[in-house]
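In what follows, a structure is listed as structure tokens, so that the remarks can point back to it.
2 protein chains.
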Amino acid sequence: MISAWARSDDELKELSRRGLADFIFTNPAAAVENSDLVVLCTPVGSMEELANRMAPGLAPTTLITDAGSVKACVVDQLTPILGGNYVGAHPMAGSERSGLGAARGDLFAGAPCLITPTSRSNPSALARVKLFWEALGCMVTIMSPVEHDRVVARLSHLPHALAYALMNLVIDTLPEGSLHLAGGSFRDATRVAASSPELWTGILTSNGPEVASSLREMSKLLKSMATAIGDENPDSLLDFLKRAKHHRDSLPLPAPPETEEAA
Amino acid sequence: MISAWARSDDELKELSRRGLADFIFTNPAAAVENSDLVVLCTPVGSMEELANRMAPGLAPTTLITDAGSVKACVVDQLTPILGGNYVGAHPMAGSERSGLGAARGDLFAGAPCLITPTSRSNPSALARVKLFWEALGCMVTIMSPVEHDRVVARLSHLPHALAYALMNLVIDTLPEGSLHLAGGSFRDATRVAASSPELWTGILTSNGPEVASSLREMSKLLKSMATAIGDENPDSLLDFLKRAKHHRDSLPLPAPPETEEAA
């Protein structure tokens with residue numbers, strides 16, 4: 016049996032209408048009562064308040080996980096409220112689309128899922144949260160919340176920031192109407208700039224120090240590429256591109272089409 | 016009737032074996048004799064030498080175009096050799112793959128094609144070159160070679176440079192094995208880092224000043240994003256992301272699957 020709580024009443028009604036939830040609730044504490052497992056899937060900035068609101072309804076045996084894209088701040092906020100039965104997770108599935116319209120039965124098939132226990136996590140809770148995400152089809156990797164944020168800043172948050180930045184750079188520097196000349200490289204490089212700005216402002220600021228570091232690293236690297244090009248040093252540029260191609264060609268298993276990081 | 020010349024004998028034989036050329040030649044001047052139309056599709060760095068080698072075989076009426084991704088230097092090099100019957104073009108089709116194995120009958124369907132005449136171009140040559148690319152399915156836009164290089168630096172060369180840079184940044188900053196955690200945003204952002212390093216070193220250096228400028232613009236923008244995130248100024252970040260999403264959502268007509276910029 017699935018009980019659902021959502022921020023919007025319209026989403027709740029739609030969940031019910033589609034048969035995706037057995038019960039719908041407007042009170043988080045009521046929604047989690049008698050639950051074996053609770054999964055938090057809101058933007059990361061809303062999780063602390065939601066945890067506080069649902070805490071009174073939780074049983075001592077209820078297992079809790081989440082699907083947030085940032086882990087250190089979320090785990091720091093939720094662990095004191097939810098205790099050792101909470102184990103954070105980040106299923107790297109989804110796309111630039113959000114809401115129920117973007118739901119897919121095979122969303123998690125083959126997707127990486129990072130699980131981020133701490134010394135306070137109950138070992139049995141960790142084992143069961145792992146089984147849950149694996150049952151959805153995820154390939155689970157376990158790491159600390161801090162390590163998660165460092166890795167994901169560069170594998171996911173930075174690509175999103177680059178997509179938004181490239182889009183704005185083109186709008187600011189090229190004549191109006193140039194966009195219809197965009198080919199596949201621009202289209203792919205900016206795909207995730209169509210993602211929810213509210214959701215991504217939350218993610219980028221919640222993982223602020225690591226995202227800012229990765230942006231500065233990238234900024235420096237682009238400046239050094241500009242210098243290599245200006246110096247007419249094609250050999251160093253060629254080596255740089257060869258190295259990137261070598262690693263890109265070795266990228267394991269393509270993800271299922273359209274898959275992307277979640278809330 | 017199609018006559019083909021290629022840099023490699025193996026490619027020539029394969030063209031012939033597949034019935035893609037009626038005649039194959041190892042001498043460029045012999046290949047172009049009695050031709051109505053000649054299309055140069057080599058890397059931009061090879062075009063000047065090739066034009067010199069084929070020039071003795073050209074008739075005064077032969078029309079010539081090319082498919083190079085950079086235009087100012089190519090047009091400057093080729094016009095004195097080939098005269099007013101040469102009109103440069105850049106069909107923005109193709110993918111990170113190269114060679115005959117990547118050939119597709121519908122490669123140009125719906126793809127933008129930029130045609131870059133100069134004051135020396137014969138008006139009738141321009142009209143016929145336009146008809147040729149349109150007959151292949153391209154959507155033609157006419158602009159000067161300099162304007163082309165400025166626009167394409169940001170719509171195509173910069174996204175390629177970003178893909179190569181992001182790939183190397185991840186390799187240099189994350190623990191080995193992190194790549195298997197990459198989701199769709201990283202995969203899409205780095206797709207074109209699988210493109211030929213030799214081809215792209217030629218393109219990035221041939222359009223050096225514009226590419227270097229666009230890399231510096233992007234470097235500056237990323238630094239200002241890092242500052243906005245560090246300043247915990249979510250409103251300015253939210254506005255930045257909203258603006259990008261607004262324009263990304265308005266991007267006209269998706270390109271056909273896998274299409275990308277050519278040689």
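First to last, the sequence lines map onto chains A and B. Positions in the first sequence are counted from 1; adding 15 to them yields our numbering. Positions in the second sequence are counted from 1; adding 15 to them yields our numbering. Here a beta-carbon is modelled for each residue, glycine too, at the ideal position from N, C-alpha and C. Just so we're clear, the structure is a prediction, and the values are computed from it rather than from any experiment.
### Message
On the DSSP letters alone, give me the boundaries of the beta strand (DSSP E) that B/P127 sits inside.
### Response
Position 112 of the second sequence, counted from the start, is the residue given in the question as residue 127 of chain B. Start and end: 127-131.
### Task
Count the other CB atoms, across all protein chains shown, that sit within 10 Å of the CB of A/G109; report buried if there are 16 or more and exposed otherwise.
For the purposes of this step, residue 109 of chain A is identified with residue 94 of the first sequence, where counting begins at 1. Its Cβ being crowded by 16 or more others within 10 Å, A/G109 is buried.
### Which listed residue (A/L189, A/L219, A/S251) has its alpha carbon closest to that of B/E225
Within the second sequence, numbered from 1, the residue matching residue 225 of chain B stands at position 210. Nearest C-alpha to B/E225: A/L189.
### Task
Kindly list, in the order they appear in chain A, the residues whose Cβ is closer than 7 angstroms to that of B/I186.
Counting from 1 along the second sequence, the entry for residue 186 of chain B is found at position 171. Correct list: H262.
### Task
Could you check which residue in B/V47, B/H261, B/R143, B/Q92 has the C-alpha nearest to that of A/A209?
Residue mapping note: residue 209 of chain A aligns to position 194 of the first sequence, counting from 1. Nearest of B/V47, B/H261, B/R143, B/Q92 to A/A209, Cα basis: B/H261.
#### Entry: Within the stretch 56-141 of chain B, ranges of the alpha helix (DSSP H) (whole runs, at least 4 residues)
Within the stretch 56-141 of chain B, the complete alpha helix (DSSP H) runs of at least 4 residues are 62-69, 87-97.
### Task
Could you check if A/H5 is buried or exposed, using at least 16 other CB atoms within 10 Å of its CB as the buried criterion?
In the structure as shown, chain A starts at 16 and stops at 278, and residue 5 of chain A therefore has no counterpart that could be examined.
### Task
Would you give the residue range spanned by the alpha helix (DSSP H) that B/I186 belongs to?
Here residue 186 of chain B refers to the residue found at position 171 of the second sequence. According to the DSSP assignment, B/I186 belongs to the alpha helix (DSSP H) that extends over 173-188.
### Local conformation of A/L252 per DSSP, three classes
Residue numbering aside, residue 252 of chain A sits at position 237 when the first sequence is read from its first letter. A/L252 sits in a helix when the DSSP states are folded into three classes.
### Task
Out of B/A168, B/N183, B/E64, point me to the one whose CA is closest to B/I218's CA.
Against the second sequence, residue 218 of chain B aligns to sequence position 203. The residue among B/A168, B/N183, B/E64 with its C-alpha nearest the C-alpha of B/I218 is B/A168.
### Query
Which residues, taken in chain order from the stretch 176-202 of chain B, show a beta carbon closer than 8 angstroms to some beta carbon of chain A?
Going along the stretch 176-202 of chain B in chain order, one finds A176, L177, A178, Y179, A180, L181, M182, N183, L184, V185, I186, T188, L189, P190, S193, L194, H195, L196, A197, G198, G199, S200, F201, R202 with a Cβ nearer than 8 angstroms to chain A.
### Message
Do B/L35 and B/A46 have their beta-carbon atoms positioned less than 9 angstroms apart in this structure?
### Response
Position 31 of the second sequence holds residue 46 of chain B. Position 20 of the second sequence holds residue 35 of chain B. Here B/A46 is not near B/L35, since their CB atoms are 9 angstroms or more apart.
### Query
Regarding B/L129 and the ligand NAP, is the C-beta to nearest heavy atom distance less than 8 angstroms?
In the structure on display, the ligand NAP does not appear, and there are no ligands present to speak of.
#### Entry: Cβ of A/G72 within 9 angstroms of any chain B Cβ
On the first sequence, position 57 is the one that residue 72 of chain A refers to. Chain B contact via Cβ: absent.
### Query
How many angstroms separate the CA atom of A/L65 from the CA atom of A/P267?
As a first step, residue 65 of chain A is located in the first sequence; it is residue number 50 there, counting from the start. As a first step, residue 267 of chain A is located in the first sequence; it is residue number 252 there, counting from the start. For the pair A/L65 and A/P267, the Cα-to-Cα distance works out to about 37 angstroms.
### Query
Closer than 9 angstroms, Cβ to any Cβ of chain B: which residues of the stretch 44-57 of chain A, in chain order?
Against chain B - using a Cβ distance shorter than 9 angstroms - the stretch 44-57 of chain A contributes no residues.
### Message
Judging by CA-CA distance, which residue of A/D25, A/I17, A/K235 is the nearest neighbour of A/D37?
### Response
Indexing the first sequence from 1 puts residue 37 of chain A at position 22. Cα-wise, what sits closest to A/D37 is A/I17.
### As assigned by DSSP and simplified to three states, the class of A/T41
Here residue 41 of chain A refers to the residue found at position 26 when the first sequence is read from its first residue. A/T41 falls in the coil class under three-state DSSP.
### Message
What does DSSP give as the partner residue(s) for B/A19 in the beta ladder?
### Response
In the second sequence, counting from the first residue as 1, residue 19 of chain B sits at position 4. The beta-bridge partner set that DSSP reports for B/A19 consists of B/I39.
### Query
Any C-beta of chain A sitting closer than 9 angstroms to the C-beta of B/S210?
As a working note, residue 210 of chain B is residue 195 in the second sequence. Output row for B/S210: interface = yes.
### Query
Candidates B/S134, B/L177, B/M107, B/P106: which alpha carbon is nearest B/P95's?
In the second sequence, the residue the question calls residue 95 of chain B occupies position 80. Shortest Cα-Cα distance from B/P95 to any of B/S134, B/L177, B/M107, B/P106 involves B/S134.
### Task
With a threshold of 16 other CB atoms inside 10 Å of the CB of A/A259, please say whether the residue is buried or exposed.
Locating residue 259 of chain A in the first sequence gives position 244, counting from the first residue. A buried status is given to A/A259, since no fewer than 16 other beta-carbon atoms sit within 10 Å of its beta-carbon.
### Query
Are the C-beta atoms of B/R22 and some chain A residue less than 9 angstroms apart?
Taking the first residue of the second sequence as 1, we reach residue 22 of chain B at position 7. No, no contact with chain A.
### Query
Is the CB of A/G245 under 9 angstroms away from at least one CB in chain B?
By one-based count along the first sequence, residue 245 of chain A stands at place 230. Yes - at least one Cβ of chain B is within 9 angstroms of the one on A/G245.
### Listed by chain order, chain A residues near B/G223 by CB distance under 9 angstroms
Locating residue 223 of chain B in the second sequence gives position 208, where the first residue counts as 1. Per Cβ cutoff of 9 angstroms: I244, G245, E247.
### Task
Take every Cβ of the stretch 135-149 of chain B, pair it with every Cβ of the stretch 167-184 of chain B, and state whether three or more of those distances are shorter than 8 angstroms.
The stretch 167-184 of chain B and the stretch 135-149 of chain B do not touch, with fewer than three beta-carbon pairs separated by less than 8 angstroms.
### Message
With the cut-off set at 9 angstroms, would you say B/T216 and A/L253 are in Cβ contact?
### Response
Mapped onto the second sequence, residue 216 of chain B falls at position 201. Mapped onto the first sequence, residue 253 of chain A falls at position 238. It is a contact, given that the beta carbons lie within the stated cut-off.
### Query
Any C-beta of chain A sitting closer than 9 angstroms to the C-beta of B/T220?
Here residue 220 of chain B corresponds to residue number 205 of the second sequence, with the count starting at 1. Yes - at least one Cβ of chain A is within 9 angstroms of the one on B/T220.
### Simplified DSSP assignment, three categories, for B/M158
Looking up residue 158 of chain B in the second sequence gives position 143. In the displayed model, B/M158 falls within coil according to three-state DSSP, outside both helix and strand.
### Task
Just grab the DSSP bridge partners of B/L52 for me.
Walking along the second sequence from the start, residue 52 of chain B turns up at place 37. DSSP lists B/L78 as partners of B/L52.
### Query
Residues in its own chain within less than 7 angstroms of B/E29 by CB, not counting five upstream and five downstream?
What you label residue 29 of chain B is simply residue 14 of the second sequence in a count that begins at 1. Result list for B/E29: L115, in chain order.
### Task
Consult DSSP for B/E247 and reduce its assignment to one of helix, strand or coil.
What you label residue 247 of chain B is simply residue 232 of the second sequence in a count that begins at 1. Under the three-state reduction of DSSP output, B/E247 falls in the coil class, being neither helix nor strand.
### Task
Please report the Cβ distance between B/C128 and B/M107, rounded to the nearest whole angstrom; I am assuming they are in contact, meaning their Cβ atoms lie under 8 angstroms.
For this step, residue 128 of chain B is matched to residue 113 along the second sequence. For this step, residue 107 of chain B is matched to residue 92 along the second sequence. Right, the Cβ-Cβ distance comes to about 7 angstroms (below 8 angstroms), so this counts as a contact.
### Query
Taking the C-alpha atoms as reference points, what is the distance between A/V240 and B/G120?
Position 225 of the first sequence holds residue 240 of chain A. Position 105 of the second sequence holds residue 120 of chain B. Looking at the sequence provided, one finds Met at residue 240 of chain A rather than Val. Whole-angstrom Cα-Cα distance: 36 angstroms.
### Task
Could you tell me the distance, in whole angstroms, from the CA atom of A/A82 to the CA atom of B/S31?
By one-based count along the first sequence, residue 82 of chain A stands at place 67. By one-based count along the second sequence, residue 31 of chain B stands at place 16. Their backbone Cα atoms lie some 55 angstroms apart in a straight line.
### Message
Which same chain residues end up closer than 7 angstroms to B/G60 when comparing Cβ atoms and leaving out the 5 residues on each side of it in sequence?
### Response
Position 45 of the second sequence, counted from the start, is the residue given in the question as residue 60 of chain B. Excluding positions up to five away in sequence, the list reads G217, S221.
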